[in-house]
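**Q**
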Amino acid sequence: MNSNPRIAIGGILHETHTFMPRLTTLDDFAALALHRGPNLLTTMRGARSGIGGMIDAAEARGWQLLPALYAAAMPAGTVTDAAYRSLLDDLLASIDGFERIDGVLLALHGAMVTEAERDVEADIVARVRARVGDSTPIIALLDMHGNISPRLVELADVLLAYHTNPHIDTHARGLDAVSIMARLLDGAIRPTAAYARPALLLPAQCTGTDDAPLSLVHARAAEMLQDDAIISIAIMGGFAYADTPYSGASIIVTSDNQPRLARSYADELSDMLWRHRHTALPAFLTPAEAVARAKRYDRGPVILVDSADNIGGGTSGDGADALRAMLDHHVRDGAIVLADPAAVDRCWRAGAGAEVTLDVGGKADRWHGDSVNVAGHVEALSDGVFELELKDNHFAAFYGEKVEMGRCAWLRVGGVNILLTERKTPPMDLAQLRHIGIIPEAQRMIVVKSAVAYRAAYLPIASGIIEMDTAGLCSANLARFDYQRLLRPIFPLD
Ligand SMILES: [Zn+2]
Numbered sequence: 002m003n004s005n006p007r008i009a010i011g012g013i014l015h016e017t018h019t020f021m022p023r024l025t026t027l028d029d030f031a032a033l034a035l036h037r038g039p040n041l042l043t044t045m046r047g048a049r050s051g052i053g054g055m056i057d058a059a060e061a062r063g064w065q066l067l068p069a070l071y072a073a074a075m076p077a078g079t080v081t082d083a084a085y086r087s088l089l090d091d092l093l094a095s096i097d098g099f100e101r102i103d104g105v106l107l108a109l110h111g112a113m114v115t116e117a118e119r120d121v122e123a124d125i126v127a128r129v130r131a132r133v134g135d136s137t138p139i140i141a142l143l144d145m146h147g148n149i150s151p152r153l154v155e156l157a158d159v160l161l162a163y164h165t166n167p168h169i170d171t172h173a174r175g176l177d178a179v180s181i182m183a184r185l186l187d188g189a190i191r192p193t194a195a196y197a198r199p200a201l202l203l204p205a206q207c208t209g210t211d212d213a214p215l216s217l218v219h220a221r222a223a224e225m226l227q228d229d230a231i232i233s234i235a236i237m238g239g240f241a242y243a244d245t246p247y248s249g250a251s252i253i254v255t256s257d258n259q260p261r262l263a264r265s266y267a268d269e270l271s272d273m274l275w276r277h278r279h280t281a282l283p284a285f286l287t288p289a290e291a292v293a294r295a296k297r298y299d300r301g302p303v304i305l306v307d308s309a310d311n312i313g314g315g316t317s318g319d320g321a322d323a324l325r326a327m328l329d330h331h332v333r334d335g336a337i338v339l340a341d342p343a344a345v346d347r348c349w350r351a352g353a354g355a356e357v358t359l360d361v362g363g364k365a366d367r368w369h370g371d372s373v374n375v376a377g378h379v380e381a382l383s384d385g386v387f388e389l390e391l392k393d394n395h396f397a398a399f400y401g402e403k404v405e406m407g408r409c410a411w412l413r414v415g416g417v418n419i420l421l422t423e424r425k426t427p428p429m430d431l432a433q434l435r436h437i438g439i440i441p442e443a444q445r446m447i448v449v450k451s452a453v454a455y456r457a458a459y460l461p462i463a464s465g466i467i468e469m470d471t472a473g474l475c476s477a478n479l480a481r482f483d484y485q486r487l488l489r490p491i492f493p494l495d
């Protein structure tokens, strides 16, 4: 290998919920992450994200990184063709401008959809491949929520994916990508990949890697990875709210020039997922049943999971079904966070210490239930800035170590603590509540608007977990959605 390889690096990431009415535009990328050229390296170096890991490992090896473009937007509706065209043109123009490229490292999601393109990641890799040629290795790191087409598997030399959900290993997988690239550049390995798809659409709630079915598959994959002939195994849970022909779970096993072994391992893992498909049907309680059950626990906090309003999945974060249930049941020391800028404004104008009567939640769209009319006491106001308590949190890549929720208000209604925020913010860290004075450990029950991402922060303090069946665009009841493009039949719809 050339002792100082020149490696192009970049990425375009979006998890697209194709049922959401609002399109995702270039502004949405600019609002979260849009870095070109050297700025990409200075911004993402050391970040706890996939690209952060790639940069750190490549620079530690003394490689010359050629920064192209890195863009990510919050999970939301279909990406406009104009936004995609602009990002792709930037990425490709950078690649065209690099004098010599020995390899390409890409950070992608796998579940990005534009108005016209259903297989965005394959399109990106195909266009990069057309520029760098077949002999230049391309390694892509994916979110395990990607919906993967066979075409993408053919186009990339090696595909890797996060092993964990919550995604606490993004940086580590970035390091892996670089060590595999080093072996490729040395000519030490010849990757051959096998792809298998079990015709299984997993609700986001069933894609946690500590639970069946994915935990079982990961346990077996860990044994397979002991084999030196196996370079990587990507266990894709898929993203059920993207309506594409490739949506659903998939397995990609990459071997060192052992195609039959890769095929047999991929089929084995895919069959395993299929055999355990019934573990991927979530059991739910209505919010009223969930609150009644939580009240029977000796101690708190019981975590009430409102996964239909999963902010990380792009929902409004203002569903108030669980709040209504807590108030109806006269809960003492319950907590919920609602994104409701109008209610925040009302509380700010009234001031800390004031009594207010207002409608909260249920305002952003028609998907997340009705508002609740409450009369309460404004306990505190804040600027909504908090620092993550939880280190190695993949949200740091999106939000930084310092999260800004916009103006906030702590409204206490009966025994329920409502944190009202201007910006919707996933329940990724206990400092979200603590920053304004709500003590998470002192609550009897806490509503989290998340499918899985809450676990890293909340499991360590939880006395119980109860999944609720609420209204929302990330409902685990997939029959609510009008799929047009899925490959059928697929479990659990058929
Ligand atoms: Zn994900």
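Residues 2 to 495 in our numbering are what the sequence shown spells out, letter by letter. By construction, the Cβ of each residue, glycine as well, lies at the ideal position given by its N, Cα and C atoms. Predicted, not measured: the structure shown is a model, and the values here were computed from it.
When you compare only the Cα positions, how much space is there between arginine 445 and aspartate 334?
**A** Mapped onto the sequence shown, residue 445 falls at position 444. Mapped onto the sequence shown, residue 334 falls at position 333. Going from the Cα of arginine 445 to the Cα of aspartate 334 covers about 5 Å.
**Q** Output yes or no for whether 7 Å exceeds the beta carbon distance between serine 87 and leucine 27.
**A** Here residue 87 is taken as the residue at index 86 of the sequence shown, counted from 1. Here residue 27 is taken as the residue at index 26 of the sequence shown, counted from 1. In this structure, leucine 27 lies closer than 7 Å to serine 87 by Cβ.
**Q** Which word fits valine 338, buried or exposed, when buried means at least 16 other C-beta atoms lie within 10 angstroms of its C-beta?
**A** Residue 338 sits at position 337 when you count from the first residue of the sequence shown. So valine 338 counts as buried.
**Q** Sorry if obvious, but does the Cβ on histidine 146 come closer than 6 Å to a heavy atom of ligand 1?
**A** Looking up residue 146 in the sequence shown gives position 145. Indeed, a heavy atom of ligand 1 lies less than 6 Å from the Cβ.
**Q** According to DSSP, simplified to helix, strand and coil, what is tyrosine 459?
**A** Locating residue 459 in the sequence shown gives position 458, where the first residue counts as 1. Here tyrosine 459 sits in helix by DSSP.
**Q** Take threonine 426 and list the residues in its own chain whose beta-carbon comes closer than 6 Å to its own, dropping the five residues that flank it on each side.
**A** To locate residue 426, count along the sequence shown from 1; it is residue 425. The answer, listed in chain order, is Met406.
**Q** Distance, Cα to Cα, alanine 289 vs alanine 323?
**A** Numbered from 1 along the sequence shown, position 288 holds the residue referred to as residue 289. Numbered from 1 along the sequence shown, position 322 holds the residue referred to as residue 323. Alanine 289 and alanine 323: Cα-Cα distance of roughly 8 Å.
**Q** Taking the CB atoms as reference points, tell me whether threonine 471 and aspartate 307 lie closer together than 7 Å.
**A** Mapped onto the sequence shown, residue 471 falls at position 470. Mapped onto the sequence shown, residue 307 falls at position 306. Yes, Cβ-Cβ distance for threonine 471 and aspartate 307 is below 7 Å.
**Q** When you compare each of Gly47, Met113, Asp244, Ala250 to glycine 238 by their alpha carbons, which one comes out closest?
**A** For the purposes of this step, residue 238 is identified with residue 237 of the sequence shown, where counting begins at 1. That would be Ala250, whose Cα lies nearest to the Cα of glycine 238.
**Q** Taking threonine 426 as part of the alpha helix (DSSP H), name the residues at either end of that continuous run.
**A** Indexing the sequence shown from 1 puts residue 426 at position 425. That residue, threonine 426, is in no alpha helix (DSSP H); it is neither H nor E in DSSP.
**Q** Between alanine 127 and the rest of its own chain, which residues show a CB-CB distance below 8 Å, the 5 nearest in sequence each way excluded?
**A** Stepping through the sequence shown from its first residue, residue 127 is reached at position 126. Excluding residues within five positions, the ones whose Cβ falls inside 8 Å are Arg152, Leu156.
**Q** Would you check if there are 3 or more beta carbon pairs closer than 8 Å linking the segment 456-468 to the segment 352-369?
**A** Short answer: they don't touch.
**Q** If you measure between the beta carbons of methionine 327 and valine 375, is that distance less than 7 Å?
**A** For the purposes of this step, residue 327 is identified with residue 326 of the sequence shown, where counting begins at 1. For the purposes of this step, residue 375 is identified with residue 374 of the sequence shown, where counting begins at 1. Result no, Cβ atoms of methionine 327 and valine 375 do not sit closer than 7 Å.
**Q** Quick check: the Cα distance between isoleucine 13 and alanine 58, rounded to an integer number of angstroms?
**A** The residue you call residue 13 lines up with position 12 of the sequence shown. The residue you call residue 58 lines up with position 57 of the sequence shown. So the alpha carbons of these two residues sit roughly 20 Å apart.
**Q** Identify the continuous beta strand (DSSP E) that holds leucine 14 and give its terminal residues.
**A** Here the question's residue 14 lines up with position 13 in the sequence shown. According to the DSSP assignment, leucine 14 belongs to the beta strand (DSSP E) that extends over 7-14.
**Q** Which one or two residues does DSSP pair with threonine 255 in a beta bridge?
**A** Reading the sequence shown from its first residue, position 254 is the one you call residue 255. Per DSSP, Ala194, Ser233.
**Q** Look up aspartate 91 in the DSSP assignment and say whether it is helix, strand or coil.
**A** The residue given as residue 91 occupies position 90 in the sequence shown. Helix.
**Q** Can you list, in chain order, the residues of its chain with a C-beta nearer than 7 Å to that of aspartate 384? Leave out the 5 residues immediately preceding and following it.
**A** Here residue 384 is taken as the residue at index 383 of the sequence shown, counted from 1. Correct list, in chain order: Arg408.
**Q** Could you pull out every unbroken alpha helix (DSSP H) segment of at least 4 residues lying fully inside the segment 58-123, listed in chain order?
**A** As far as the segment 58-123 is concerned, its whole alpha helix (DSSP H) runs of at least 4 residues are 82-98.
**Q** On a Cα-Cα basis, can you pick out the residue from Asp29, Leu67, Asp483 that is closest to asparagine 5?
**A** On the sequence shown, position 4 is the one that residue 5 refers to. Asparagine 5 has its Cα closest to that of Leu67, out of Asp29, Leu67, Asp483.
**Q** Under DSSP, the alpha helix (DSSP H) around cysteine 475 begins and ends at which residues?
**A** Indexing the sequence shown from 1 puts residue 475 at position 474. Unbroken run through cysteine 475: none, as it is neither H nor E.
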